[in-house]
Amino acid sequence: RCHHTSKANRCKSRFHCKACNFKTHADTNASMNIRDNYILSSAFGSGEQGTVNCPHISEIASRDKPLALC
Numbered sequence: 001r002c003h004h005t006s007k008a009n010r011c012k013s014r015f016h017c018k019a020c021n022f023k024t025h026a027d028t029n030a031s032m033n034i035r036d037n038y039i040l041s042s043a044f045g046s047g048e049q050g051t052v053n054c055p056h057i058s059e060i061a062s063r064d065k066p067l068a069l070c
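Just so you know, we're using the working numbering here: the sequence shown kicks off at 1 and counts up by one.
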């Protein structure tokens, strides 16, 4: 994996790197990128260990249901 980035590398659910010919499912490639970024941030102590697609919840309109926390 060469870490080349380009919109042309992805077509729907397929990932095909035009630079090194690496092929996999797009979600698999995304999860490997997240893993690699986490490992690098942990190794160099940057402290960037955020969540993905988890917005901050500031106010809840109804208390009828249990809170869903991210």
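All C-beta atoms in this analysis are idealised placements derived from N, C-alpha and C, irrespective of residue type, glycine included.
Let me know the secondary structure DSSP gives residue i once reduced to three states.
i: LYS18; result: coil
i: THR28; result: helix
i: ARG1; result: coil
i: LYS12; result: coil
i: SER41; result: helix
Around the C-beta of residue i, are 16 or more other C-beta atoms found within 10 angstroms, so that it is buried, or is it exposed?
i: ASN33; result: exposed
i: ASN29; result: buried
Ordered along the chain, which non-local residues of its own chain (more than five positions away) have a Cβ less than 8 Å from that of residue i?
i: LYS18; result: HIS4, SER6, ALA8, ASN9
i: ASP27; result: SER13
For residue i, write down the residues that DSSP places opposite it in a beta bridge.
i: LYS23; result: HIS16
Ordered along the chain, which non-local residues of its own chain (more than five positions away) have a Cβ less than 7 Å from that of residue i?
i: HIS16; result: ASN9, LYS23
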